[in-house]
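What follows is one structure encoded as structure tokens, with my remarks underneath.
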Amino acid sequence: MQATPLQTEENFILNEPYYEPVGNEVTIFEAAYNNGLPVLIKGPTGCGKSRFMEYMAWRLKRPLVTVSCHDDLTASDLVGRFLIKGGETSWVDGPLAAAVRAGAICYLDEIVEARKDTMVVIHPLADDRRVLPMEKRGELLRAGPEFCLAISYNPGYQSVLKDLKQSTRQRFVALEFDYPEAGLEQRIIEKESGVDSAMAEKLVKFAAMTRNLKGSGLEEGASTRLLVHAAKLIASNISPVEACESAIAQALCDDPEMLSAINELSASLF
Amino acid sequence: MSDRNEIIARLDQWLEVEYTFLDSAALTDKLLARPPEEQRLLLDWTRRIASTQIPLAYEFTTSVMTQMEVVDGELIESWALNAMDAYDRSGLQAAMTLVRDVDRFHHYRREREYGVWLGERQSVLRHFVHGLAGRKLDIEECEGAPWCDGETIFLPAVVIAFEDREKNFQLYKVMVALLWAQVRFGGLRCDLESLKLETFCTQERIRLEAHIAEELPGLYRHMVALKGDGSTPPYQFTIHPDAVAEKTTRRLEREKARFKVALNELLPGKTNEEKRRNAARLSHEQSQALNLELQLDGKPLSPPEGMKQLASSILIDFGEIPPDYLVPAGAGDYDPKLLGELEQDPDAVWQGTYHEEGATLYDEWDHGRQHYRKGWCAVREKPVAEVKDDFVDRTRAKYHAQIKQLRKSFEAMRDEDRLLKRQSDGDEVDLDALVEALADSQDGSEMSSRLFTRMHRSDRNIAVLFMVDMSGSTKGWINEAEKESLVLLCEALESLGDRYAIYGFSGMSRKRCEIYTVKTFDEGYNEAVRNRISGIEAKDYTRMGFAIRHLSKILNETEAKTRLLVTLSDGKPDDYSDYKGEYGIEDTRRALIEARRSGIHPYCITIDETARDYLPQMYGPAAYTVVEKVYELPQRVADIYRKLTH
Numbered sequence: 000m001q002a003t004p005l006q007t008e009e010n011f012i013l014n015e016p017y018y019e020p021v022g023n024e025v026t027i028f029e030a031a032y033n034n035g036l037p038v039l040i041k042g043p044t045g046c047g048k049s050r051f052m053e054y055m056a057w058r059l060k061r062p063l064v065t066v067s068c069h070d071d072l073t074a075s076d077l078v079g080r081f082l083i084k085g086g087e088t089s090w091v092d093g094p095l096a097a098a099v100r101a102g103a104i105c106y107l108d109e110i111v112e113a114r115k116d117t118m119v120v121i122h123p124l125a126d127d128r129r130v131l132p133m134e135k136r137g138e139l140l141r142a143g144p145e146f147c148l149a150i151s152y153n154p155g156y157q158s159v160l161k162d163l164k165q166s167t168r169q170r171f172v173a174l175e176f177d178y179p180e181a182g183l184e185q186r187i188i189e190k191e192s193g194v195d196s197a198m199a200e201k202l203v204k205f206a207a208m209t210r211n212l213k214g215s216g217l218e219e220g221a222s223t224r225l226l227v228h229a230a231k232l233i234a235s236n237i238s239p240v241e242a243c244e245s246a247i248a249q250a251l252c253d254d255p256e257m258l259s260a261i262n263e264l265s266a267s268l269f
Numbered sequence: 000m001s002d003r004n005e006i007i008a009r010l011d012q013w014l015e016v017e018y019t020f021l022d023s024a025a026l027t028d029k030l031l032a033r034p035p036e037e038q039r040l041l042l043d044w045t046r047r048i049a050s051t052q053i054p055l056a057y058e059f060t061t062s063v064m065t066q067m068e069v070v071d072g073e074l075i076e077s078w079a080l081n082a083m084d085a086y087d088r089s090g091l092q093a094a095m096t097l098v099r100d101v102d103r104f105h106h107y108r109r110e111r112e113y114g115v116w117l118g119e120r121q122s123v124l125r126h127f128v129h130g131l132a133g134r135k136l137d138i139e140e141c142e143g144a145p146w147c148d149g150e151t152i153f154l155p156a157v158v159i160a161f162e163d164r165e166k167n168f169q170l171y172k173v174m175v176a177l178l179w180a181q182v183r184f185g186g187l188r189c190d191l192e193s194l195k196l197e198t199f200c201t202q203e204r205i206r207l208e209a210h211i212a213e214e215l216p217g218l219y220r221h222m223v224a225l226k227g228d229g230s231t232p233p234y235q236f237t238i239h240p241d242a243v244a245e246k247t248t249r250r251l252e253r254e255k256a257r258f259k260v261a262l263n264e265l266l267p268g269k270t271n272e273e274k275r276r277n278a279a280r281l282s283h284e285q286s287q288a289l290n291l292e293l294q295l296d297g298k299p300l301s302p303p304e305g306m307k308q309l310a311s312s313i314l315i316d317f318g319e320i321p322p323d324y325l326v327p328a329g330a331g332d333y334d335p336k337l338l339g340e341l342e343q344d345p346d347a348v349w350q351g352t353y354h355e356e357g358a359t360l361y362d363e364w365d366h367g368r369q370h371y372r373k374g375w376c377a378v379r380e381k382p383v384a385e386v387k388d389d390f391v392d393r394t395r396a397k398y399h400a401q402i403k404q405l406r407k408s409f410e411a412m413r414d415e416d417r418l419l420k421r422q423s424d425g426d427e428v429d430l431d432a433l434v435e436a437l438a439d440s441q442d443g444s445e446m447s448s449r450l451f452t453r454m455h456r457s458d459r460n461i462a463v464l465f466m467v468d469m470s471g472s473t474k475g476w477i478n479e480a481e482k483e484s485l486v487l488l489c490e491a492l493e494s495l496g497d498r499y500a501i502y503g504f505s506g507m508s509r510k511r512c513e514i515y516t517v518k519t520f521d522e523g524y525n526e527a528v529r530n531r532i533s534g535i536e537a538k539d540y541t542r543m544g545f546a547i548r549h550l551s552k553i554l555n556e557t558e559a560k561t562r563l564l565v566t567l568s569d570g571k572p573d574d575y576s577d578y579k580g581e582y583g584i585e586d587t588r589r590a591l592i593e594a595r596r597s598g599i600h601p602y603c604i605t606i607d608e609t610a611r612d613y614l615p616q617m618y619g620p621a622a623y624t625v626v627e628k629v630y631e632l633p634q635r636v637a638d639i640y641r642k643l644t645h
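First to last, the sequence lines map onto chains A and B.
Position 1 of the first sequence, counting from 1, maps to 0 under numbering that gives the first Met the number 0, and the rest follow consecutively.
Position 314 of the second sequence, counting from 1, maps to 313 under numbering that gives the first Met the number 0, and the rest follow consecutively.
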């Protein structure tokens, strides 16, 4: 099968993504959406932030434009720029502008990674004005009621230099995500990978062990995503200890002593 | 090598026979009876040990030759290092006994082949036990059977129950897991004093084995395999009721105080009175997994990580949170000692005995031995006493013109945002370039593709740590010049914006290695820092290795793209008694290699004119500058820094 090219703003989610609501986040998001309020999603990596966005895009039947922010992302990368074609300049929309035009949901992932000046262009879009200034074209792009802005950030591992400014964060409705509680996490692992519930329960227990190690040498414990990866390997007949080593331990750190401790933990459990 | 006289001559030199009257001829004859390969090996070790202790070297070689029919290189090496470690730790007597003891040696040989040392695996086991839920238990060494006092697990220094390394390590793991289970499943909660200990320990073990079978089935399988058919399995632990009781009393008091203070911070309300009233609205739930959920009016509160750990530790002790713990208390209600480990005054520790308490221990490279001496230097940090005088102002006035010029040249280095033209990719169209390109294409020339402008953002990201020699030899004008250099540097660096820290170092013997804080990375160039610069004074000796190791650690904890360690010094490393000549230079060189390997760029500025003899070897040919005239130092230092980072 060949990959199919797709315009960013045409990315409709056609099939219902698997998502287990943890609390009232779905209703809050819908209420915010209906009132034209932007949403800020906080939470550690791999706890289901992006999956939640896909689920909401499917539910609201809007295309989803995702931008993964990096430290070289400039304002023009989001808004758009002039290119030169055959001796003339022509304007090309950036993903944010394209999302506004199409009335899509624009999801800026790990927003704090982007440069400081990038943050400012989303300000007018994130309050009651709901406009995107396109300085270079001398235009204001007014967002329709379908458009929605969502940003995510992980308060855990960023340095002080990369904190979200008050002027930015105070424009958003904030939803906090964390790893789901044990029973739910177990169900997610079962559904996503097809392992039986006893195995899923052990994986959740193992995750708790790695999360206990956070702060004593490990930056972050195993995320739900990693557990699903390990479970998928186990479902493909890899032994649990090996699956935990490749999918979890090696993904968490490089320190040989910590690695061997994590492997000893999984060997004790399975 | 086979020339008898030559060997005798060498031994005479190494063993200083002139003074020690050791019989080098007899030793040589015994040596000559060995094959040449073994001769070389034994001679090498004789030399290396002799550099530490001469009679020990003699004893070692004699003893090895009587005990070993065939010399095994690796075994000899570890046995020799073991003997020298014993000497470092407990003195000559202990080392001699160790070397002479034949049985010990054979036992050691077996240990080396199959044994697992706690020292090697301690941190793995520590991570392992931290991963298992509950209180964060520490791991320490002890004599005899393993036991736990409720906060620390004590394990034998070496495990050699099986002729299989892997199995021996598994045995360690089982010991740790059992003692963890003992704490976790309330084994230390009952009144231990009145029990018949031996029976109780066995019963406890059986009870805990069942818990392990349920919680850690993988480990349980290993446990069964290790159990053997004897009545007491090799992992049987013991209990020391007195130690447990003492720890428990102290912990209960401490954790109660900490919990109540933490609760106070968590609760809403301005005054302690108000908070106490709010506490009545608290409710709580605890789960099997030792999690405490606190609710205020039915809404969950989210306690900080530290408080969660505290709560699970309390749950282990009581099985619940006792009601009187849920009354908040202000920090003032308790002795501060209960709330945090009070930092110990580095000077007080030194008074009287050789105390290593509160110090960080660093290894030191022994050139003669070609190996590290473990935990050799006891390093302590302390601030330089502030001196409030007009030194900084005086210096500023004295170098008024130079400072102005330095600032200017440093400002020019500042990497500022600037617009780059004619880029192949960028944010905006470069109109000049476009017009030119269009004209080019009209007259048939090649059209440039560099038609954009792009903003270049500054990314000068340097952290520099200045390590200032505060040894006795700097007394007088060198010290003055160092201080003046620091003032000029600070003035210049403030205009540049690089992050910098200043530490002094000095010490007397390995037990008192001192790092003096002048300015940390987080501090600004404020009044206190200026007073501390003025307070820098000549102290004792120049032991350098520990300072490089300690300051590299500090530097590596700072986030930066480029890390620089600049030493200001007046001579070669040198300390009271043992840190002289080659030994000092080689240790310093080693420390610098370690620093470089961790990504630090070391550089040395010195006023020692003879430095050209040893600095290239220590710092490498391009990483040092010798300033010939002391009065030039202040101006040169900033200048060198500018060239270094340009």
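Heads up, the beta-carbon is just placed ideally off N, CA and C, and yes, glycines get one too.
In terms of CA proximity to A:E189, A:A199 leads the group A:A199, A:E180, A:A181 and A:G182.
With respect to the 9 Å criterion, A:F146 and A:I104 are classified as neighbours on the basis of their beta carbons. When the beta-carbon positions are compared, B:G329 and B:V260 come within less than 9 Å of each other. When secondary structure is reduced to three states using DSSP, B:Y613 falls in the coil class, being assigned neither helix nor strand. B:L550 is the residue among B:R509, B:L550 and B:E73 whose C-alpha sits nearest the C-alpha of B:A462. Distance from the CA of A:G35 to the CA of A:P123, rounded to the nearest whole angstrom, comes to 13 Å. Shown here, B:E363 sits in a strand according to DSSP, grouped into three states. The straight-line gap separating the alpha-carbon atoms of B:L131 and B:H106 is approximately 34 Å. Considering only beta carbons, the part of the stretch 186-212 of chain A lying closer than 8 Å to chain B consists of A207, M208, T209, N211 and L212, in chain order.
With three or more CB-CB distances shorter than 8 Å, the stretch 159-179 of chain B counts as touching the stretch 109-117 of chain B.
For B:Q235, the CB contacts under 8 Å within the same chain, skipping 5 residues up- and downstream, are A144, C200, T201 and R204 in chain order.
In this chain, the alpha helix (DSSP H) harbouring B:T45 covers P35 to A49. The beta carbon of A:T44 sits no closer than 9 Å to any beta carbon of chain B. Nearest C-alpha to B:T45 among B:D163, B:T624 and B:E76: B:E76. In the displayed model, A:H69 falls within coil according to three-state DSSP, outside both helix and strand. In the three-state scheme derived from DSSP, where H, G and I count as helix and E and B as strand, A:E241 is classed as helix. Where B:D468 is concerned, the enclosing beta strand (DSSP E) starts and stops at I461 to D468. For the options B:E58, B:C489 and B:Q12, the alpha carbon positioned closest to that of B:V528 is the one of B:C489. Listed as beta-bridge partners of A:I104 by DSSP are A:L63 and A:C147.
Closest in C-alpha terms to B:V383, from the list B:K538, B:V629, B:D577 and B:L207, comes B:K538. For B:L450, the chain A residues whose C-beta falls within less than 8 Å of its own C-beta are I83, listed in chain order.
Annotated three-state conformation of A:G79 is strand, per DSSP. Think of a sphere of 7 Å around the beta carbon of B:G217: the chain A residues whose beta carbon falls inside it are A266, S267, L268 and F269, in chain order. In the three-state reduction of the DSSP assignment, B:M95 falls in the helix class, which pools H, G and I. Residue contact with chain A for B:M174: absent (no Cβ-Cβ distance below 9 Å to any residue of chain A).
With respect to the C-alpha of B:V175, the residue from A:E263, A:N23 and A:S245 having the closest C-alpha is A:E263.
For B:P216, the three-state secondary structure derived from DSSP is helix. Taking 9 Å as the cut-off, the Cβ atoms of B:P601 and B:T566 count as close. Taking the Cα positions, B:L405 is about 35 Å away from A:A113.
The beta carbon of A:S151 sits closer than 6 Å to the beta carbons of I40, K48 and D108 from its chain, once the five residues preceding and following it are set aside; these are given in chain order. Spatial neighbours of B:V243 in its own chain (CB-CB distance under 7 Å, excluding positions within 5 residues in sequence) are listed in chain order as D148, G149, L187 and L191. Of the candidates A:P43, A:E15 and A:L5, the residue whose Cα lies closest to the Cα of A:M55 is A:E15. At a beta-carbon threshold of 7 Å, the residues of chain A lying near B:V428 are F81, I83 and T88, ordered along the chain. B:I514 is bridged by DSSP to B:E380 and B:F504.
Any Cβ of chain B closer than 9 Å to the Cβ of A:M118 would place that residue at the interface, and such an atom is absent.
By the CB criterion at 9 Å, B:Y171 and B:R220 fall outside the cutoff.
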